[in-house]
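Add 1239 to a position in the sequence shown, counting from 1, and you land on the number used in our numbering. Glycine included, C-beta positions come from ideal geometry on N, C-alpha and C. Comments concern the structure below.
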Amino acid sequence: MQNSDNFTSERPGAAGQAQAAPVPVLHQDTLGDENIRLGDYFAILMERKGLILLVTLLATLVGIGYAVTAPPVYKTDALLQIEQQKPIGLRQLGNDPSSLMAQEPPIVADVEILKSRMVLGTAVKNLGLEYSAWPQYMPVVGSAYARYFEKHNKGLADPMFGMGQYAWGGESITLDNLEVPDGLVGTPLTVVAGQNGQYKVMDPDGKLLMTGEVGQVSETRYGDQESLKVSISELVARPGTRFTMERVTPLDAIKHVEGSFSVYERSKNSGILGLSLTGTDPEQASRILNEISQVYVKQNIARNSAEAQQSLEFLEHQLPELKKKLTAAEEAYNDYRIEYGSVNLDEETKVMLDSAVKVDQQLLELRQKWDEMRQRFTPEHPTMVAISQKINRLQAKQAELDKRSATLPKAQQKLLRLRQDVEVNKGLYTRLLSTAQELRVAKAGTVGNVRIIDHAVPMHSAVAPKRKLIVILAGVTGAFLGVILVLVLRALRGGVEDPDEIERNLGLPVYATVIHSDRQTKMNRKTSRQPRILADVAPDDKAVESLRSLRTTLHFSLLGAKNNLIMMTGPSPQIGKSFVTLNLGAVLAQSGKRILLIDADIRKGRLHQMLGMRRDQGVTEMITRDGHPMDYVRKTTIPGLHLLSGGQLPPNPAELLLHESFGRKVLELAEHFDYVLLDAPPILAVTDAAIIGRLAGTSLMVVKDRNHPMRELEQSAKQLQQAGVSVSGVVFNDVQLHRQNQQRGNYVYQYKY
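This is the structure in structure tokens:
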């Protein structure tokens, strides 16, 4: 694009015609091709900045709407401490070899338990989260209005827009129970408030299912064997206000809670778990989180007491058997002493007895541990191997003691065995009895290894939505989408933006490039009937300066033309053809020439609007009526500039232009003026331009910058040539000022004074 202080010089005309040419100033491109390409993208964005701003504004408004209407989300939290669990049950009977190798379960296990269906499902059931009820608000803005009303007012809000079926603020409902048939699970039911605590329940189709009264359990038949039961303890609303109630499956209720529930360890290996829950109701969120904490603590206590209970049951089953064995051993020992009298044991025999008793007790304990451990480990497990090795050593020691006792007298041998049985059974019985008592005490006082440090409390400061951030992100996203939209539209359009490309592909000279005029854009927005001639209002505008260069080029081009008729046409509508025609005529008239503008687009011509004149009494009337053609020519506000408007719209425009009267009278008019400019319709739209072009000595094709694919330009030139019209040159219109540099090869052309 040219700078604001640049102008477009005249380009060479057709072969054999003397025409002025632009004098480019060549600069070696020191920035590189990539920088030029980025500059072109920037120019494209600046050209369509209005569209980008519009998309950004729309996205920002959507973001503001969401930020205002989105319900606030609150977050509540709690803290749990997980302590190291102490041995319980049979593991208290002695040193458990497995305890040397077993590790405390990682805290991640507690995290998974807290998130399990066992804990969350119990909490959901205890709080009745499988069923819920809430007011029906007007879509989009109803809930936001109700929150605003409840924040600043008390009582019930008056309905807006006569929509009394919606809740507008202050309404509430407390649903104590909802039992529905399987066919209605997951189906929202409508509750309509009535007079004096009455209400109606309807299905989604509006069918009445039942009527009820607040504070009472209402039940009705649904289907063959199923029933619908509703219990509402509180209903505050105007008569006719609608509420929605729904019962979901336990799994759906658990998933709903799980989606807003999170558990995390506050710091590594601290044993402190943080629990958090988000929701739109801070009171309910704190109740749910506290219930989850309580359920987890209770199940932890139940798990620990269950282990003690299992051990206690085992011991209580073993104690009677041991008691019988102990009694039998004592009776056999006493009977032997009575039968054979007193038998004294020397010191060595007593030491042997103590050793044998100790070995027997240890063997019995190890065998019990072996039986317990084999349910958890295989025989090849290191713990099982260690127990087996101890048993083997004790059995070897027991065999050695038996061998030594065989050397004693028979009386002492039997007495030793009987005394050994008594001592072993007595020690084992006493120990089990003591352990059972300890288990009873432990079971009664079990508190688990989890405790609640901080209970959840309602938090009334919302954590979401972050309204400012949403608005900012919406604006940024809108700007990004606007840029993408502009680039996509640009890629889809694929219009020619380099005048040299036209010359290379079509072989037509580009007489001038007309710079875009912001002043003309503002004038086009006005609806007044005042003249909108840029060359008259802003003679120093860059676009007017470009047309002055075109005036110079035409001066030389017309030297070899057959007449002074200049046809202005283009490939398609909305390319600024009438603007170029009007202002070129004004520039020519300002140089002292007599100029006639003929609005040959009798279908949709608008030269008369731009000059603030009427359309009637124009080309149509000149062709169809008798009289001198000058009778239909009108003067404009610019001296030397005249207009022949399109006239009334005929039913057959193309046939009218083919009338011999049109060509004869136009040539007759040309004798009274220095230049006659014919504003013809688009080439590809209708055939009028081909008819008009046969009369003109010079035909110019107006092309809008980046608006036409090369294929379209080729087809336009081909269609004119097939009609016998020779295109003299091209006017490249509406070049944006932002496009200051044009890449051509390895150089950058800059057009300067």
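Classification of residue i by the beta-carbon crowding that lies within 10 angstroms, buried from 16 upward
i: N1972; result: buried
i: Y1405; result: buried
i: M1940; result: buried
i: L1847; result: Contrary to the premise, residue 1847 reads as His rather than Leu in this sequence. Flag for H1847 reads buried.
i: S1785; result: buried
i: R1771; result: buried
i: V1727; result: exposed
i: M1240; result: Confidence is the limiting factor: at M1240 the pLDDT is only 35, short of 50, which leaves the residue's position unreliable, though a coordinate-based value still follows. Label assigned to M1240: buried.
i: G1733; result: exposed
i: S1967; result: buried
i: E1530; result: buried
i: R1287; result: buried
i: L1836; result: buried
i: D1397; result: exposed
i: G1831; result: exposed
i: V1974; result: buried
i: Q1375; result: buried
i: K1991; result: Because K1991 carries a pLDDT of 37, less than 50, the predicted location of this residue cannot be relied on, and the following value inherits that uncertainty. K1991 comes out exposed.
i: V1185; result: Residue 1185 cannot be examined here, being either before or after the span of the chain that is shown, 1240 to 1992.
i: T1937; result: buried
i: Q2002; result: Residue 2002 is absent from the model: the chain starts at 1240 and stops at 1992.
i: P1378; result: exposed
i: T1517; result: buried
i: D1918; result: buried
i: G1824; result: buried
i: E1369; result: buried
For residue i, the residue or residues it bridges with in DSSP
i: R1481; result: V1431
i: Q1320; result: I1511, R1690
i: D1918; result: M1807
i: R1873; result: L1882
i: A1372; result: M1484
i: M1449; result: V1440
i: A1703; result: V1312
i: I1493; result: I1493 is not bridged to any residue.
i: Y1503; result: G1513
i: G1518; result: Y1313
i: A1406; result: Y1376
Residue i: first and last residue of the uninterrupted beta strand (DSSP E) it sits in
i: M1949; result: Per DSSP, M1949 belongs to no beta strand (DSSP E); it is in the alpha helix (DSSP H), 1949-1961.
i: I1754; result: 1749-1754
i: N1744; result: N1744 -> not in any beta strand (DSSP E); alpha helix (DSSP H) instead, spanning 1738-1745.
i: G1932; result: Where G1932 is concerned, there is no enclosing beta strand (DSSP E), although the alpha helix (DSSP H) it sits in stretches over 1927-1932.
i: L1474; result: 1465-1475
i: F1616; result: No beta strand (DSSP E) contains F1616, which DSSP labels as neither H nor E.
i: L1939; result: 1937-1943
i: N1972; result: 1968-1974
i: T1426; result: Run containing T1426: none; DSSP gives neither H nor E here.
i: R1460; result: 1456-1461
Range of the contiguous alpha helix (DSSP H) that encloses residue i
i: L1293; result: 1288-1308
i: E1389; result: 1381-1391
i: D1415; result: First-last for D1415: 1411-1418, but that is the beta strand (DSSP E), not the alpha helix (DSSP H).
i: F1901; result: 1899-1909
i: R1758; result: 1757-1764
i: V1363; result: 1356-1366
i: V2033; result: Since the first and last residues shown for the chain are 1240 and 1992, residue 2033 lies out of range.
i: A1893; result: 1892-1896
i: M1849; result: 1846-1849
i: V1696; result: Segment: none, V1696 is in no alpha helix (DSSP H) and carries neither H nor E.
i: V1858; result: 1858-1863
For the structure I just gave you, are there three or more beta carbon pairs, one from the segment 1428-1446 and one from the segment 1470-1487, closer than 8 Å?
yes
Flag this pair as touching only if the segment 1289-1296 and the segment 1715-1732 have three or more C-beta atom pairs under 8 Å; answer yes or no.
yes
Would you call the segment 1948-1957 and the segment 1801-1813 touching, i.e. three or more CB-CB distances under 8 Å?
yes
For the structure I just gave you, are there three or more beta carbon pairs, one from the segment 1419-1430 and one from the segment 1387-1405, closer than 8 Å?
In short, these stretches do not touch, since the Cβ pair count stays below three.
Where in the segment 1768-1841 do unbroken runs of the alpha helix (DSSP H), each at least 4 residues long, occur, reported from the N-terminal end onward?
1773-1776, 1781-1796, 1816-1829
Given 8 Å as the limit, is there contact between the segment 1881-1894 and the segment 1852-1872, that is, 3 or more CB pairs closer than that?
yes
Using 8 Å as the cut-off, can you tell me whether the segment 1694-1704 makes contact with the segment 1305-1325, which would need three or more C-beta pairs spanning the two stretches below that distance?
yes
The segment 1815-1822 in contact with the segment 1729-1749 per 3-pair CB rule at 8 Å:
no
So, does the segment 1594-1603 touch the segment 1658-1676, judging by three or more C-beta pairs under 8 Å?
yes
Does the contact criterion of 3 or more C-beta pairs under 8 Å hold for the segment 1494-1505 versus the segment 1299-1306?
no
If you pair each beta-carbon of the segment 1775-1782 with each one of the segment 1749-1767, do three or more pairs fall below 8 Å?
yes
Pairing CB atoms from the segment 1531-1540 with CB atoms from the segment 1359-1373, are three or more of them under 8 Å?
yes
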